[in-house]
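Below you'll find the structure, written out as structure tokens, and then a few comments.
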Amino acid sequence: MLETLLMQWNYLVFVMLMMTGLYIVISRRNLVKKLIGLSIFQTALFLFYISLGKVAGGTAPIIVPDGAESGVLYSNPLPHVLILTAIVVGVATTALGLALVLRIREAFGSIEEDEILAMKTKEDQESRAE
Amino acid sequence: MSVFFENLPALVVVTPLLMAAVTAVMPARLANLAWMLALASTATSLIAAWLNKAAAGGERISYALGGWPPPWGIEFVTDGASGLVTVVISSLAFASTIYAKPLIENEIAKGDIPRVYAAWQLTVGALLGLVMTADAFNLFVFLEISALSAVTLIAMGAGKDRRALIAAYNYLVIGAVGATFYVMGVGFLYAMTGTLNMADLAERLPDVTSRAPVYVGMAFMVAGIFVKAAVFPVHMWLPAAYGFAPTAVSALLAAVATKASIYVLGRLIFTVFHDLGEIVDLMLEWVVLPVSLMAIFVGTILAIWARDLKTLLAQSSIAQIGYITLGFGLGTSAGISAGFIHIANHALIKGGMFMAVGAIALALGKRAGIGTIEGFGRLMPVTASALTICGLSLIGLPLTAGFISKVYLVLAIIASDYWMIAALVLLSSALSLIYLWKMMEALWMKPAPHGVIIKENPAVYLPLWLIALANIWFGIDATLVTSSAEAAAAALMAGAGS
Chain A
30 MLETLLMQWN YLVFVMLMMT GLYIVISRRN LVKKLIGLSI FQTALFLFYI SLGKVAGGTA
90 PIIVPDGAES GVLYSNPLPH VLILTAIVVG VATTALGLAL VLRIREAFGS IEEDEILAMK
150 TKEDQESRAE
Chain B
22 MSVFFENLPA LVVVTPLLMA AVTAVMPARL ANLAWMLALA STATSLIAAW LNKAAAGGER
82 ISYALGGWPP PWGIEFVTDG ASGLVTVVIS SLAFASTIYA KPLIENEIAK GDIPRVYAAW
142 QLTVGALLGL VMTADAFNLF VFLEISALSA VTLIAMGAGK DRRALIAAYN YLVIGAVGAT
202 FYVMGVGFLY AMTGTLNMAD LAERLPDVTS RAPVYVGMAF MVAGIFVKAA VFPVHMWLPA
262 AYGFAPTAVS ALLAAVATKA SIYVLGRLIF TVFHDLGEIV DLMLEWVVLP VSLMAIFVGT
322 ILAIWARDLK TLLAQSSIAQ IGYITLGFGL GTSAGISAGF IHIANHALIK GGMFMAVGAI
382 ALALGKRAGI GTIEGFGRLM PVTASALTIC GLSLIGLPLT AGFISKVYLV LAIIASDYWM
442 IAALVLLSSA LSLIYLWKMM EALWMKPAPH GVIIKENPAV YLPLWLIALA NIWFGIDATL
502 VTSSAEAAAA ALMAGAGS
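From first to last, the protein sequence lines stand for chains A and B.
Using the working numbering, the first residue of the first sequence is number 30, and each one after it goes up by one.
Using the working numbering, the first residue of the second sequence is number 22, and each one after it goes up by one.
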């Protein structure tokens with residue numbers, strides 16, 4: 030059991046990274062740290078896909094020049110292409126998140142969730158009292 | 022012309038996406054032109070979606086994007102289900118765009134207006150793409166485009182109320198976690214089957230011998246979509262997001278945003294995973310049904326407690342999403358068609374109600390709450406009566422669209438022998454009467470404030486009345502909706518391969 034797990038250590042790394050990222054997203058109170066956690070979480074997913082595509086002993090999937098030996102073993106290129114897209118999505122998410130944090134800093138003067146939530150709760154009560 | 026007709030499925034999605042790029046670079050002085058372009062692109066989408074649905078005629082039409090044949094290329098599928106949902110989304114998007122102009126001018130800084138319309142069209146285009154695509158990974162991309170552009174739109178509410186920023190941030194983070202869960206599930210399925218095309222997945226999944234990874238993948242995908250569709254208990258982002266977004270944006274998102282994700286949920290469960298056997302029935306019975314019931318009650322009770330009208334409507338949306346997933350959870354074709362009927366009707370109801378509340382807030386100059394709208398029935402009779410019609414439709418009064426939804430849902434529940442659930446649904450309808458009554462009492466029964474005269478703006482109340490009348494029309498002659506919904510259920514149940 031342990032041996033099979035260690036043989037597939039790349040998946041272990043993926044699970045650990047993913048859980049680390051998710052834990053940061055949930056537990057940290059600093060909005061920038063939350064985004065860092067989110068990035069780690071998404072990056073772990075990229076590793077998962079890249080691991081899926083790797084064929085043991087396989088080479089890069091490029092066209093073999095004429096005369097080369099046939100039957101070359103390739104890694105699966107599709108997961109890499111998918112992850113290229115996912116990386117773009119991840120970058121966009123982080124960029125938008127950071128832009129929002131900047132605006133939150135301007136509007137609330139803080140990027141600590143506790144302080145912001147305290148201000149928000151106060152405003153919620155004020156608008157309820159109206 | 023033939024090029025136009027051959028590429029209808031792509032046009033539905035691509036028109037708003039391309040037009041978004043054009044509006045994004047327009048200077049502030051062309052704000053009116055940006056609005057016109059948004060109107061034109063949503064109108065084109067609507068016409069294309071309508072023609073496309075008519076051309077399919079309930080059959081399954083496959084469109085290979087870029088000429089790459091499926092399963093290698095990305096496939097757009099038009100069938101009873103996606104045809105109906107694209108028409109619902111594009112028509113509500115069109116109506117919201119007509120309505121948006123005065124509200125966006127009021128709430129958003131002039132320099133930002135063209136870019137707001139860009140994000141607006143991106144949201145619409147991505148939601149339509151979400152519905153049309155038959156490629157599991159491409160679905161993720163559309164999911165994220167729609168989420169990121171919706172976050173941008175929600176954050177624009179910060180001009181009026183800074184709490185919009187927190188709502189947007191939370192939606193971004195929660196949504197991104199949900200979407201990542203979804204892609205992880207797709208990865209598991211891809212590892213086991215070697216395909217991303219939904220029809221192909223449906224065909225190959227039952228033949229996979231080691232089922233554990235498939236089940237894990239399914240769980241991740243369904244959980245991810247739950248987040249996006251704001252199904253209880255992962256709905257936490259929705260009330261704040263709809264509550265603090267600019268009014269026009271709330272109307273658009275409430276009408277269309279979660280509908281696309283709920284449709285995806287149906288497509289995954291009933292087309293992709295359906296042939297996996299017992300596990301799907303177990304999931305429907307022990308996950309989807311209970312969470313739907315909880316959503317209905319939690320949403321309704323929180324709506325009764327709310328005082329701010331937009332928050333009230335957003336909480337009520339949680340409950341209404343529960344009705345749709347409840348229909349899906351029955352797993353019968355009657356239940357699924359009840360779900361689709363409510364997808365269409367709830368889009369009309371909530372779109373109309375958010376528009377009306379927005380119109381009141383525009384006249385009021387601040388957020389509309391139960392305490393601040395007292396007597397507004399006399400001050401704004403045109404808007405208030407449209408709000409009343411949509412509200413009656415929400416609780417399911419006969420002769421309104423909401424009644425049709427409730428009848429079909431309850432009949433489907435009884436047909437599946439869940440008497441208890443049928444009773445609970447009726448009870449929840451009675452409870453929703455309470456929050457509607459709170460609004461109606463404030464609107465009509467209280468004296469109007471002295472010395473206030475409000476001139477109602479036709480640009481605001483015309484699209485609103487269009488939707489209110491649609492609520493009545495589809496309550497009297499529901500055949501269009503019900504027959505489309507039955508075709509949609511049949512299309513999902515038929516699966517792709519079998």
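Backbone N, C-alpha and C define an ideal beta-carbon position, used for all residues, glycine too.
- Task: Tell me whether B:Ser519 sits in a helix, a strand or coil according to DSSP, three-state version.
- Result: Low local confidence applies: a pLDDT of 39 at B:Ser519 is under 50, so the model's placement there is unreliable, with the coordinate-based value given in what follows. Correct three-state label for B:Ser519: coil.
- Determine contact between the segment 51 to 71 of chain B and the segment 134 to 142 of chain B, defined as no fewer than three beta-carbon pairs at a distance below 8 angstroms. yes
- Message: What does the alpha-carbon distance come out to for the pair B:Leu334 and B:Ala324?
- Response: 7 angstroms
- Query: Who pairs with A:Glu141 in a beta bridge, going by DSSP?
  - Reply: According to DSSP, A:Glu141 bridges with A:Asn59.
- Please list, in chain order, all residues of the same chain as B:Gly446 whose beta carbon is under 8 angstroms from its beta carbon, the five residues on each side excluded. Residue 446 of chain B is actually Val in this sequence, not Gly. Same-chain partners within the cutoff: Ile317, Tyr344, Leu347, Lys427, Leu430, Val431 and Ile434.
- Message: Taking beta-carbon pairs under 7 angstroms, can you tell me which members of the segment 97 to 129 of chain A lie near chain B?
- Response: Listed in sequence order: Leu111, Thr114, Ala115, Val118, Ala121, Thr122, Leu125, Gly126 and Leu129.
- Message: Using a 10 Å radius around the Cβ and a threshold of 16 neighbouring Cβ atoms, would you call B:Asp100 buried or exposed?
- Response: buried
- Could you tell me which residues DSSP pairs with B:Ala85 in its beta bridges? Partner(s): B:Glu96.
- Task: Please determine, among B:Trp458, B:Phe397, B:Leu143 and B:Thr36, the residue with the shortest C-alpha to C-alpha distance to B:Ala69.
- Result: Selected option, being the one with the closest Cα: B:Thr36.
- Task: Can you tell me which of B:Ser437, B:Met461, B:Leu400 and B:Arg388 puts its alpha carbon nearest to the alpha carbon of A:Glu152?
- Result: For A:Glu152, the nearest C-alpha among the options comes from B:Arg388.
- Tell whether a beta-carbon distance below 7 angstroms holds between B:Ala463 and B:Ala407. no
- Message: Please classify A:Tyr232 as buried or exposed, where buried requires at least 16 neighbouring CB atoms within 10 angstroms.
- Response: No information on residue 232 of chain A is available, as it lies outside the stretch 30 to 159 that chain A covers here.
- Have a look at B:Ser519 and A:Gln37 and give me their C-alpha separation to the nearest angstrom. Low confidence applies here, because B:Ser519 scores a pLDDT of 39, under 50, leaving its location unreliable; read the following figure in that light. So the two alpha carbons sit approximately 36 angstroms from each other.
- Query: Going by beta carbon distance, what residues of the same chain come within less than 8 angstroms of B:Ala130, once the five residues before and after it are set aside?
  - Reply: Gly180
- Output, in chain order, the set of chain A residues within a Cβ distance shorter than 8 angstroms of B:Ala176. Leu129 and Arg132
- Message: Comparing C-alpha positions only, which one of B:Ile497, B:Phe163 and B:Tyr439 sits nearest to B:Gly423?
- Response: B:Ile497
- Task: Give the DSSP-derived three-state secondary structure of B:Tyr439 in the structure shown.
- Result: In the structure shown, B:Tyr439 falls within a coil segment according to DSSP collapsed to helix, strand and coil.
- Would you kindly work out how many angstroms separate the C-alpha atoms of B:Ala517 and B:Ser338, rounded to a whole number? Confidence at B:Ala517 is low in this model, with a pLDDT of 42, below 50, so its placement is unreliable and the value that follows should be read with caution. So the alpha carbons of these two residues sit roughly 31 angstroms apart.
- Does B:Met205 come within less than 7 angstroms of chain A when only Cβ atoms are used? B:Met205 counts as touching chain A.
- Message: When you compare the CB positions of B:Leu217 and B:Asp296, do they come within less than 7 angstroms of one another, or not?
- Response: No. Outside cutoff.
- Could you list the residues in the segment 137 to 159 of chain A with a C-beta less than 7 angstroms from some C-beta on chain B, going in chain order? Phe137, Ile145, Lys149, Glu152, Ser156, Arg157 and Glu159
- Message: Strictly under 7 angstroms for the Cβ-Cβ distance: is A:Leu34 near chain B by that measure?
- Response: no
- Item | Identity of the residues DSSP links to B:Gly520 by a beta bridge | The structure shown has nothing for residue 520 of chain B, since chain B only spans 22 to 519.
- Task: Less than 8 angstroms between the CB atoms is what I'm expecting for B:Ile175 and B:Ala189, so what's the real figure, rounded?
- Result: 4 angstroms
- Could you list which residues in chain C have their beta carbon closer than 7 angstroms to that of B:Arg328, in chain order? Looking at the structure shown, chain C is missing, and the protein chains on hand are A and B.
- Task: Please decide whether B:Leu38 counts as near chain A, where near means a Cβ-Cβ distance under 7 angstroms.
- Result: no
- Query: Do we get a CB-CB distance below 7 angstroms when we pair B:Ala444 with the residues of chain A?
  - Reply: No - not a single Cβ of chain A is within 7 angstroms of the one on B:Ala444.
- Query: Near B:Asn492, what residues of its chain come up, given a Cβ to Cβ distance below 7 angstroms and the 5 sequence neighbours on each side ignored?
  - Reply: Leu369, Ile370, Gly373, Ile410, Cys411, Ser414, Thr421 and Ala422
- Task: Could you work out which residue in B:Met40, B:Val108, B:Gln336 and B:Gly360 is closest to B:Leu457 when comparing CA atoms only?
- Result: B:Gln336
- Task: For B:Val216, write down the residues that DSSP places opposite it in a beta bridge.
- Result: Note that residue 216 of chain B corresponds to Thr in the displayed sequence, not to Val. Its beta-bridge partners do not exist; DSSP assigns none.
- Exposure label - B:Phe25; buried when at least 16 CB within 10 Å: exposed
- Look at the alpha carbon of B:Arg399 and the alpha carbon of B:Ser450, and state the distance between them as a whole number of angstroms. B:Arg399 and B:Ser450 have their C-alpha atoms spaced approximately 28 angstroms apart.
- Task: Compute the Euclidean distance between the alpha carbons of B:Pro90 and B:Glu96, then round it to the nearest angstrom.
- Result: Going by the C-alpha atoms only, they are around 8 angstroms apart.
- Going by CA-CA distance only, name the one from B:Ile425, B:His367, B:Leu289 and B:Gln341 that's closest to B:Ser504. Of the candidates B:Ile425, B:His367, B:Leu289 and B:Gln341, the one whose C-alpha sits nearest the C-alpha of B:Ser504 is B:Ile425.
- How many angstroms separate the CA atom of B:Ile391 from the CA atom of B:Ile474? 19 angstroms
- Does the count of Cβ pairs from the segment 273 to 293 of chain B and the segment 244 to 260 of chain B closer than 8 angstroms reach three? yes
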